[in-house]
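Residues in the sequence shown are numbered from 648 upward in steps of one, following this note's numbering.
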Amino acid sequence: MRALEVAHKLYETLPGATVSLRIIEQNLLKAHWLPSSIKTILNLVSTNSRMDGYEKIVSTPVEEHIKDMTRQDSFACVAMFESGHLNVDPSRLTEVIALCYENSIFVAEILLRDPSVDTSTLGLAHMVGNVGHAGLVFMVSPIEPRVRPAQHDPSLIDHIKYDNSVVDKLRGTSLHLSFTTWKMPLDWETTGEIDQEVFLLESVVSVQDKGAWVADIDVLEREREGIDTLTFTCGGLDPHFPADADAVSLDTWEELLDPPPCVGIFGAKDNWAARLAAVSILIQQGRHHIAIIVDGDRVCWRCLKETYAEPEPHFPQVLIY
Numbered sequence: 648m649r650a651l652e653v654a655h656k657l658y659e660t661l662p663g664a665t666v667s668l669r670i671i672e673q674n675l676l677k678a679h680w681l682p683s684s685i686k687t688i689l690n691l692v693s694t695n696s697r698m699d700g701y702e703k704i705v706s707t708p709v710e711e712h713i714k715d716m717t718r719q720d721s722f723a724c725v726a727m728f729e730s731g732h733l734n735v736d737p738s739r740l741t742e743v744i745a746l747c748y749e750n751s752i753f754v755a756e757i758l759l760r761d762p763s764v765d766t767s768t769l770g771l772a773h774m775v776g777n778v779g780h781a782g783l784v785f786m787v788s789p790i791e792p793r794v795r796p797a798q799h800d801p802s803l804i805d806h807i808k809y810d811n812s813v814v815d816k817l818r819g820t821s822l823h824l825s826f827t828t829w830k831m832p833l834d835w836e837t838t839g840e841i842d843q844e845v846f847l848l849e850s851v852v853s854v855q856d857k858g859a860w861v862a863d864i865d866v867l868e869r870e871r872e873g874i875d876t877l878t879f880t881c882g883g884l885d886p887h888f889p890a891d892a893d894a895v896s897l898d899t900w901e902e903l904l905d906p907p908p909c910v911g912i913f914g915a916k917d918n919w920a921a922r923l924a925a926v927s928i929l930i931q932q933g934r935h936h937i938a939i940i941v942d943g944d945r946v947c948w949r950c951l952k953e954t955y956a957e958p959e960p961h962f963p964q965v966l967i968y
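Spelled out as structure tokens, the structure:
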């Protein structure tokens, strides 16, 4: 019953999702998606230890078990309840960004939220739709997403001094999903036999600027690479940006792709798609020292200097506002 409660809690966050009645035929205690807090106890050899463990499972609030579930566990749980029988090993789903079965698509929320949000708090989102492939489809990003090379054209690059304006200069940015021809059946029972019912499908999340392609992104890289999240606590007491501050505005994608020799401030206020795209592109380019500003109406240079003063001044390469 505890395993069913865990699944129920997960599905509470997925309004509109349905389950297969075939699930009642499954022994949920053998499910690979069970959170580690339950699986560890089920793997105990000693009968006495296992009985003590069962009591711990029951006495632990289901919310605590849910906290132990990874995104991969959640995808595997949905796969079982949607199909009614598929018991997929979560370790096979590390790179999965979405799942499609019949007329339901389940998307990792990391693909739908601002990059300042703590990834550990994100789960899955449900939407109605289909990707045009039969069976259960796990969508994965390309191994090496492409990024448009910088054109190094002076007429396209201004890199003007940052004037402390806080606006969204990237309103033409949009994210798009498409599919390549790469599709692989998944051995979901770990028997070595390929099942034509479950597939991995290479799926490309592309960034476009007013219809022009900018890059393909892998949003999961954000989990593997830490980024700073800044909140200015000064209350905007110093609204004037110093004239000698070594910082320029990045107001277009070309200016982001062709980095300046100083701090670049990328203006995408309240534009989660552009901010997510910028973070992903910078990580893919190996420019990992970036920071997301999540609050405030102005960039406070004094706060920045204090934050990045130790052990020696080390400003981020890019600040994303």
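Even for Gly, the Cβ is constructed at its ideal location relative to N, Cα and C.
When Cys-909, Arg-949, Leu-759 and Asn-918 are compared, the shortest CA-CA separation from Leu-817 is found for Asn-918.
In this structure Ser-850 is in contact with Ala-745, their Cβ atoms being roughly 7 Å apart against a cut-off of 8 Å. Thr-828 and Leu-847 have their C-alpha atoms roughly 11 Å apart. By the Cβ-count criterion, Ile-930 is buried, with 16 or more other Cβ atoms from all chains shown falling within 10 Å of its own Cβ. Closest in C-alpha terms to Tyr-658, from the list Leu-689, Ile-713, Thr-768 and His-799, comes Ile-713. Around the C-beta of Glu-711, fewer than 16 other C-beta atoms lie within 10 Å, and the residue is accordingly described as exposed. Across the set Val-794, His-780 and Val-787, the C-alpha of Val-794 shows the shortest separation from the C-alpha of Ala-925. For the options Ala-859, Ala-956 and Pro-963, the alpha carbon positioned closest to that of Gly-873 is the one of Pro-963. The three-state secondary structure of Ala-890, taken from DSSP, is coil.
Ranking Gly-858, Ala-650, Leu-877 and Thr-876 by CA distance to the CA of Trp-900 puts Gly-858 first. Out of Ile-967, Thr-741 and Lys-952, the CA that lies nearest to the CA of Ile-940 is found in Ile-967. The beta carbon of Met-716 sits closer than 6 Å to the beta carbons of Pro-682 from its chain, once the five residues preceding and following it are set aside; these are given in chain order. Note that the C-beta distance between Asp-805 and Asp-893 is not below 9 Å. Within the same chain, Gly-782 come within 6 Å of Glu-844 by CB-CB distance, once the 5 residues on both sides are set aside. Within the DSSP bridge table, the entry for Phe-753 names Leu-746 and His-773 as partners.
Assignment of Thr-766 by DSSP, reduced to helix, strand and coil, places it in the helix class.
Between Thr-766 and Arg-869 a beta carbon distance of about 7 Å is seen, short of the 8 Å cut, so the two are scored as contacting.
Take the alpha-carbon of Glu-902 and the one of Ala-650: they are about 51 Å apart.
Setting aside the 5 residues that flank it on each side, Gln-673 is surrounded in the same chain by Met-727, Gly-731, His-732 and Asn-734, each with a C-beta closer than 8 Å to its C-beta; the list follows chain order.
Beta-bridge analysis with DSSP links Phe-826 to Ser-850. Distance from the CA of Asn-750 to the CA of Val-965, rounded to the nearest whole angstrom, comes to 40 Å. Secondary structure at Val-778: coil, using DSSP grouped into helix, strand and coil. Inclusion of Val-784 and Tyr-748 in the CB contact set at 9 Å is warranted, their separation being smaller than that value. With a cutoff of 9 Å on beta-carbon distance, Leu-877 and Ala-938 are scored as near each other. Secondary structure of Met-716 (DSSP, three-state): coil.
Following the DSSP letters along the chain, one finds Leu-966 inside the beta strand (DSSP E) bounded by residues 965 to 967.
Of all alpha-carbon atoms in Ser-853, Gln-798 and Leu-833, the one lying nearest the alpha-carbon of Ser-825 is that of Ser-853. Pairing Val-813 with Arg-718 gives a Cβ-Cβ distance that is not under 9 Å. Looking at the DSSP output, Val-813 shares a beta bridge with no other residue. Straight-line spacing of the CA atoms in Trp-948 and Arg-739 works out to 45 Å. Under a 10 Å Cβ-count criterion, Thr-665 is classified as exposed, with fewer than 16 other Cβ atoms of the shown protein chains found around its own Cβ. Burial of Val-725 is indicated by the presence of at least 16 other C-beta atoms within 10 angstroms of its C-beta. Around the beta carbon of Ser-802, fewer than 16 other beta carbons sit within 10 angstroms, so the residue counts as exposed.
Per DSSP, the beta-bridge partners of Phe-785 are Leu-746 and Leu-847.
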